[in-house]
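Novice: Residue numbers (the working numbering): 9 to 103.
The beta-carbon is built from N, C-alpha and C at its ideal position, and this holds for glycine as well.
Quick one: this structure, given as structure tokens, is what I'll be asking you about.
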């Protein structure tokens, strides 16, 4: 079975470099240089970690079996090294 729990750890270490982060509401989180994605449960905050966000993939209620198979065949993992930065553009929704 595919793991449905994902933990995003931000801190001093990680595969991903954090370029910017904006608060949508409330106080901003502590700025950190790196982010790591961990699949599965985590017992403690890793060394160098400042904070984490836990997420769970939900049930795919609105796709057919054929659509789900097609999506799974081409879906890239959360560690996709081809991922690129897209900065907000002038026409994007303001927060």
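Out of curiosity, what's the CA-to-CA distance linking residue 28 and residue 38?
Specialist: Their Cα atoms are separated by approximately 11 Å.
Novice: State the DSSP-derived secondary structure class of residue 50, mapped to helix, strand or coil.
Specialist: Three-state DSSP puts residue 50 in coil, outside helix and strand.
Novice: Please determine, among 23, 40 and 24, the residue with the shortest C-alpha to C-alpha distance to residue 30.
Specialist: Residue 30 has its Cα closest to that of 40, out of 23, 40 and 24.
Novice: Taking Cβ to Cβ, would you say residue 13 is nearer than 9 Å to residue 60?
Specialist: The answer is no: Cβ separation not under 9 Å.
Novice: Out of curiosity, what's the CA-to-CA distance linking residue 85 and residue 46?
Specialist: Approximately 12 Å between the Cα atoms of the pair.
Novice: For the beta strand (DSSP E) containing residue 57, name the first residue and the last one.
Specialist: Looking at the DSSP string, the run of the beta strand (DSSP E) that includes residue 57 is 57-64.
Novice: Straight-line CA distance for residue 57 to residue 64?
Specialist: Rounded to whole angstroms, residue 57 to residue 64 spans 20 Å at the Cα level.
Novice: Short of 7 Å in beta carbon distance, which residues of its chain neighbour residue 48, apart from the five on each side in sequence? Order them along the chain.
Specialist: The residues are 11 and 13.
Novice: Out of 71, 70, 72 and 53, which one is the CA nearest neighbour of residue 19?
Specialist: The residue with the shortest Cα to Cα distance from residue 19 is 53.
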